[in-house]
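A.B. asks: My questions all concern the structure below.
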Amino acid sequence: MKKRAMMLMAAMMAVVLVGCGGSGGQSSQGQADSGSGSSSDSGADAGAASKDTLTIAMDVDVDTLHPSDFSTTVEHTILSQLYDTLMFMNPDGAHDPEPRIAEDYEISEDGMDYTFHLRDDVTFHDGTKLTSADVKFSLELYMDSEYQGAQVIGLESVETPDDTTVICHLDAPYSPFLLGVTQVSIASKAYFEKSEDDFVNNPVGSGPYKYAGREKGSKVTLEAYDGYYRGEAAIKNVTFEVIPDQSTTAVALKTGEIDFASIESSTIAQLAGDDAIQVEEVGNSGFTYVSMNTEKAPFDDVKVRQAINYAVNRENVVAVCYDDEAEVNSNICSKDRFGYSDDQPQYTYDPDKAKELLKEAGITTPYDLGTILVAEKYSNIATVIQNDLKAVGLDVTIDVKEFNAYIDDLTSGNYDITALEMTLDGDSQQLEMAFTTDYIGTANNARYSDTEMDELFGQARTETDTDARAEIFDQILTKAQDEAIYAVLCNPLTLYAHSSSLECQEFPYEGIYSIYNFSWK
Amino acid sequence: MYKYVAKRLLYMIPVLLGVAFLVFAILSLTPGDPGSIILGITAKPEDIAALNAEFGYDKPFFIRFLNYIGDLVLHFDLGTSYQSRQPVIQDIMARFPNTFLLTLISMSAASVIGISLGILSAVKQYTALDQTLVVVALIFASIPGFWLGLMLMLLFSMKLGILPSYGAGSLKAFILPSVTVCMTSAAGLLRLTRSAMLETVRQEYIRTARAKGASQKRIIWKHALRNALLPVVTTLGTSFGASLGGAIIAETVFAMPGMGTLITTAIRQKDIPVVMGSTLFLAVLFSLIILIVDVMYAFIDPRIKAKYQNGGKRRE
């Protein structure tokens, strides 16, 4: 009797184990298959029933809706719907600024004064008129902000000669100022003075959508503002729902519970084959790269750094770690960004050349390169790189750390070589954070210090002529590539999945979208 | 009895102080500071320093700890979150009701299913029913929660389309997460109840009861179950307390804002006030639940009740 029970149990356990393993392995296909049948009709139902509402998934909740003291992409995204800016500027560097609250602008000859002429028909969500005093207040809010102060670097004072004119005085010419200042959320001074608490928790903005409510940890709701100066938005009610897990996001997209989500490349497989869902790829200047501590041997040798640049198979990194949803690029400046040129050197996969360079550098392989330190989420990149380096005779061991501990080591230079993703968005001037002496200890992870490089970025900062500025960036980027300061691998794409019946128009570079441009077909 | 309860309540003070100190110390020892975590790697050092000063994080560890305890004891203030710059109590109150409801539903269901099937299994020991129950329990005890959750979601949300796949907006949204949490706990309780019952029925007093001619029903319910329940109630109490800390997996899979995700996110962001506030809040609840469990012993087992009542006297 007992023996029979044991055998029965063993048999059942085997079934369970096989069951678990099998389903786990095939779950992504299984989900894609099972979903395409049932969800397309439920998705269509949901779409038909809700033509003027939109539900968007966000992976984390917003911590704050303060117009200047925010730090995350999700917060930025929601604030962009609530607050309008002086102008809209696609940060790819190829577009002229479009009018928003300001109809046009002038820059003085010396590049020190920026004058904005405001529309006089802009109102806040409480119906009050937006004037130059509100713009001045908002700019000063940014100037004092530890969070977003970088948007208005160089701004010394703001002058408001009349209700529709704002003059920004700079302390020195700073050409990226325009892109930064056009991203400032314009908030109401009177509303702030009435209640600072409401200003944050019950925001009254100037944008196409007004704040309708919030449930901490789960959702934020917005409503179209009927007094918006460009006309009321097509989609009337918008809900941002917190869904931290990507698999859940995929299921909710397929059931039609949500209409729009930012997704990771690994989620695409789950959505593939479902005609009710469309995936959008948006270019991004963020980059994945290998950083070498140039203060330490052998990374202080340019030949070693070049060898590592040649040794890495970037196509493979993109295929393995990004499911092909990234653009191969060894240049720290993305291809759609101001300053990039195809004439600047690119590193391609060439292990033989890498070995040759190592020999020239006097390195006898196999050589122990030390430890590649990574945060947990980049450990797959480290594994690919470890293999590529091994192929040219360089041995590294992988050390994985918790993110905050990793950042501590990274910024204090307590590492040999590492791989990570970085975003230095906005104007190309931001790239100075990766190269100039001032930023050692923050984003200059190579701890690279070179007076010529510092000077070049200094020139780019004050040069107002576009062609001359492009020329300076060409020198900077060529120098960065020649000296192989980093081994940049690729620019991962920003991915959005949405219901096929949603029309989104073009997404701006970097991907902070405006729901005002969305409509149901 | 009252004396015992009062004494236990007083014991909670050093326990809570200990919890507070340990959590505070561990958090302060972890790398990173809130300013640089919030502002990121591209931030200017002076902005990071300014933000840390705003949080009071620039002060030494003991000063910060004393300030925290001072605010807590004198003003019942759990502090302000570094991330949201809003009172911590708001974060807790936004999430605790969800966690409490989830715990209540899943633990009640688990105890009904687990205990009744456990008794059934023990009574029918070595029958096909018993064997099936044991194996099914083993399966559910071994299935990882996230997998079970996803499978339930695929079946009930995507295939059948009858239940929401995420959220905490309606009671319906609680069904799938509750089932996910309940299955694992029920399986554990079934196994525990079964073995406790089997242990008890071998005791001499059961043989005595049988010998004096008590009915099988009376033996099971009156004699065996009451004695077998002690370890079951202990486990139920601790797991109820523990699940108030949040079912992180179910919360994450079903996007339900609960205590588990609140605390894990706060730890990652080094949001010390949120971690402290939530752990202390949970520590108080946990201590109270354990106290209730201990008091319940007295009602289940008269021997223990007698001990409580004599305990005071004997010492005098």
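Chains as they are written, first to last, in the working numbering: chain A, 1 to 521; chain B, 1001 to 1316.
No residue lacks a Cβ here, since even glycine has one placed at the ideal position from N, Cα and C.
Give every residue of the same chain whose Cβ lies closer than 8 angstroms to the Cβ of Ala522 of chain A, excluding the five residues on either side of it in the sequence, and list them in chain order.
C.D. replies: Since the first residue of chain A shown is 1 and the last is 521, residue 522 of chain A is not available in this structure.
A.B. asks: One question on the structure: do Phe124 of chain A and Tyr191 of chain A come within less than 8 angstroms of each other, judged by their Cβ atoms?
C.D. replies: The residue labelled residue 124 of chain A in the question sits at position 124 within the first sequence. The residue labelled residue 191 of chain A in the question sits at position 191 within the first sequence. Yes. Within cutoff.
A.B. asks: Find the residues of chain B that neighbour Asn528 of chain A, judging by a C-beta separation of less than 8 angstroms, and give them in chain order.
C.D. replies: Since the first residue of chain A shown is 1 and the last is 521, residue 528 of chain A is not available in this structure.
A.B. asks: What is the residue span of the beta strand (DSSP E) that Asp162 of chain A lies within?
C.D. replies: Here residue 162 of chain A refers to the residue found at position 162 when the first sequence is read from its first residue. Note, Asp162 of chain A: beta strand (DSSP E), 155–162.
A.B. asks: Does the beta-carbon distance from Ile263 of chain A to Gln246 of chain A come in below 8 angstroms?
C.D. replies: The residue labelled residue 263 of chain A in the question sits at position 263 within the first sequence. The residue labelled residue 246 of chain A in the question sits at position 246 within the first sequence. Result yes, Cβ atoms of Ile263 of chain A and Gln246 of chain A sit closer than 8 angstroms.
A.B. asks: Of the residues B:Trp1147, B:Leu1192, B:Pro1177, B:Phe1100, which one's Cα is nearest the Cα of Ser1111 of chain B?
C.D. replies: Numbered from its first residue, the second sequence carries residue 1111 of chain B at position 111. Minimum Cα distance to Ser1111 of chain B is reached at B:Leu1192.
A.B. asks: Return the residues of the region 1164–1196 of chain B that lie within a Cβ-Cβ distance of less than 8 angstroms from chain A, sorted by chain order.
C.D. replies: Going along the region 1164–1196 of chain B in chain order, one finds Pro1164, Ser1165, Tyr1166, Gly1167, Ala1168, Gly1169 with a Cβ nearer than 8 angstroms to chain A.
A.B. asks: For a test of the three-state rule: what should DSSP assign to Cys333 of chain A, helix, strand or coil?
C.D. replies: As a working note, residue 333 of chain A is residue 333 in the first sequence. Cys333 of chain A falls in the coil class under three-state DSSP.
A.B. asks: Quick check: what's the CA-CA separation for Ser1243 of chain B versus Ser330 of chain A?
C.D. replies: Here residue 1243 of chain B refers to the residue found at position 243 of the second sequence. Here residue 330 of chain A refers to the residue found at position 330 of the first sequence. One C-alpha to the other measures close to 49 angstroms.
A.B. asks: Phe1156 of chain B CB to nearest chain A CB: under 8 angstroms?
C.D. replies: As a working mapping, residue 1156 of chain B is identified with position 156 in the second sequence. By this cut-off, Phe1156 of chain B is not an interface position.
A.B. asks: Residue range of the beta strand (DSSP E) that Ile263 of chain A falls in?
C.D. replies: By 1-based counting over the first sequence, the position of residue 263 of chain A is 263. Ile263 of chain A -> beta strand (DSSP E) spans 260–263.
A.B. asks: In whole angstroms, what separates the C-alpha of Gln278 of chain A from that of Tyr496 of chain A?
C.D. replies: The count along the first sequence starts at 1 and reaches residue 278 of chain A at position 278. The count along the first sequence starts at 1 and reaches residue 496 of chain A at position 496. Cα to Cα, the separation comes out at about 8 angstroms.
A.B. asks: Across which residues does DSSP place Ala497 of chain A in a beta bridge pair?
C.D. replies: As a working note, residue 497 of chain A is residue 497 in the first sequence. Paired residues: A:Ala261, A:Val279.
A.B. asks: Helix, strand or coil: which one does DSSP assign to Glu471 of chain A?
C.D. replies: The residue you call residue 471 of chain A lines up with position 471 of the first sequence. In the structure shown, Glu471 of chain A sits in a helix (DSSP, three-state: H, G or I).
A.B. asks: If you compare alpha carbons, which of A:Phe177, A:Ile153, A:Leu65 is closest to Tyr105 of chain A?
C.D. replies: Numbered from 1 along the first sequence, position 105 holds the residue referred to as residue 105 of chain A. Cα-wise, what sits closest to Tyr105 of chain A is A:Phe177.
A.B. asks: So what's Pro203 of chain A in DSSP terms, helix, strand or just coil?
C.D. replies: Taking the first residue of the first sequence as position 1, residue 203 of chain A is located at position 203. In the structure shown, Pro203 of chain A sits in coil (DSSP, three-state: anything other than H, G, I, E or B).
A.B. asks: So, using beta-carbon positions, are Ala1255 of chain B and Val242 of chain A closer together than 8 angstroms?
C.D. replies: Indexing the second sequence from 1 puts residue 1255 of chain B at position 255. Indexing the first sequence from 1 puts residue 242 of chain A at position 242. Taking 8 angstroms as the Cβ cut-off, Ala1255 of chain B and Val242 of chain A qualify as a contacting pair.
A.B. asks: Count the CB pairs spanning the region 1136–1144 of chain B and the region 1177–1190 of chain B that are closer than 8 angstroms, and state whether there are at least three.
C.D. replies: The region 1136–1144 of chain B, when compared against the region 1177–1190 of chain B, does touch it at the 8 angstroms Cβ threshold.
A.B. asks: Mind checking Gly1018 of chain B: buried by the 16 CB within 10 Å criterion, or exposed?
C.D. replies: For the purposes of this step, residue 1018 of chain B is taken as the residue at position 18 of the second sequence. Result: exposed.
A.B. asks: Going by beta-carbon coordinates alone, are Glu98 of chain A and Met112 of chain A separated by less than 8 angstroms?
C.D. replies: Here residue 98 of chain A is taken as the residue at index 98 of the first sequence, counted from 1. Here residue 112 of chain A is taken as the residue at index 112 of the first sequence, counted from 1. Cβ distance not < 8 angstroms, so Glu98 of chain A and Met112 of chain A don't count as in contact.
A.B. asks: Spell out whether any CB of chain A is found under 8 angstroms from the CB atom of Leu1017 of chain B.
C.D. replies: Here residue 1017 of chain B corresponds to residue number 17 of the second sequence, with the count starting at 1. So, not an interface residue.
A.B. asks: Alpha carbon to alpha carbon, how far is Glu295 of chain A from Tyr347 of chain A?
C.D. replies: One-based indexing of the first sequence puts residue 295 of chain A at position 295. One-based indexing of the first sequence puts residue 347 of chain A at position 347. About 23 angstroms.
A.B. asks: Identify the contact partners of Asp1091 of chain B in chain A, using a Cβ-Cβ distance below 7 angstroms as the criterion.
C.D. replies: Along the second sequence, one-based indexing puts residue 1091 of chain B at 91. In chain order: Lys216.
A.B. asks: Would you mind telling me which residues of chain B sit closer than 7 angstroms to Lys254 of chain A, beta carbon to beta carbon, in chain order?
C.D. replies: The residue you call residue 254 of chain A lines up with position 254 of the first sequence. Here the neighbours are Met1158.
A.B. asks: Just the C-alpha distance for Ile1105 of chain B and Leu1163 of chain B, rounded to the nearest angstrom, thanks.
C.D. replies: For the purposes of this step, residue 1105 of chain B is taken as residue 105 along the second sequence, with counting starting at 1. For the purposes of this step, residue 1163 of chain B is taken as residue 163 along the second sequence, with counting starting at 1. Distance between the alpha carbons of Ile1105 of chain B and Leu1163 of chain B is about 17 angstroms.
A.B. asks: Where does Phe338 of chain A sit, in a helix, a strand or coil, going by DSSP?
C.D. replies: Your numbering for residue 338 of chain A matches position 338 in the first sequence. Coil at Phe338 of chain A, not helix or strand.
A.B. asks: For chain A, check one thing: does any of its Cβ atoms lie closer than 8 angstroms to the Cβ of Val1293 of chain B?
C.D. replies: Along the second sequence, one-based indexing puts residue 1293 of chain B at 293. Output row for Val1293 of chain B: interface = no.
A.B. asks: Nearest chain B C-beta to Phe518 of chain A closer than 8 angstroms, yes or no?
C.D. replies: Sequence index remark: in the first sequence, residue 518 of chain A carries index 518 (1-based). Phe518 of chain A does not count as touching chain B.
A.B. asks: Using beta carbons (cut-off 8 angstroms, strictly below), is Leu526 of chain A in contact with chain B?
C.D. replies: Shown here, chain A extends from 1 to 521; a query on residue 526 of chain A therefore has no answer.
A.B. asks: Mind listing which residues of the region 51–79 of chain A have their C-beta closer than 7 angstroms to chain B's C-betas, in chain order?
C.D. replies: Result list: Asp63, Thr64, Ser71.
A.B. asks: Under DSSP, the beta strand (DSSP E) around Lys219 of chain A begins and ends at which residues?
C.D. replies: Here residue 219 of chain A corresponds to residue number 219 of the first sequence, with the count starting at 1. Where Lys219 of chain A is concerned, the enclosing beta strand (DSSP E) stretches over 219–224.
A.B. asks: With 8 angstroms as the threshold, decide whether the Cβ of Ile363 of chain A is near any Cβ in chain B.
C.D. replies: Here residue 363 of chain A corresponds to residue number 363 of the first sequence, with the count starting at 1. Answer no: the Cβ-Cβ gap between Ile363 of chain A and chain B never drops below 8 angstroms.
A.B. asks: Any beta-carbon of chain C closer than 8 angstroms to the one on Thr1261 of chain B?
C.D. replies: Although the question refers to chain C, the structure presented lacks it and instead comprises the protein chains A and B.
A.B. asks: Given this structure, state the Cα-to-Cα distance separating Lys254 of chain A from Leu1230 of chain B, to the nearest angstrom.
C.D. replies: Your numbering for residue 254 of chain A matches position 254 in the first sequence. Your numbering for residue 1230 of chain B matches position 230 in the second sequence. Approximately 47 angstroms between the Cα atoms of the pair.
A.B. asks: Taking 8 angstroms as the threshold (C-beta atoms), are Phe240 of chain A and Met58 of chain A in contact?
C.D. replies: Here residue 58 of chain A refers to the residue found at position 58 of the first sequence. Here residue 240 of chain A refers to the residue found at position 240 of the first sequence. Their beta carbons are under 8 angstroms apart, which means Met58 of chain A touches Phe240 of chain A by this criterion.
A.B. asks: Quick one: list the residues of chain B neighbouring Ile472 of chain A, beta-carbon separation under 8 angstroms, in chain order.
C.D. replies: Taking the first sequence and counting its residues from 1, the one referred to as residue 472 of chain A is at position 472. Result: empty, since nearest Cβ-Cβ is about 21 angstroms, beyond 8 angstroms.
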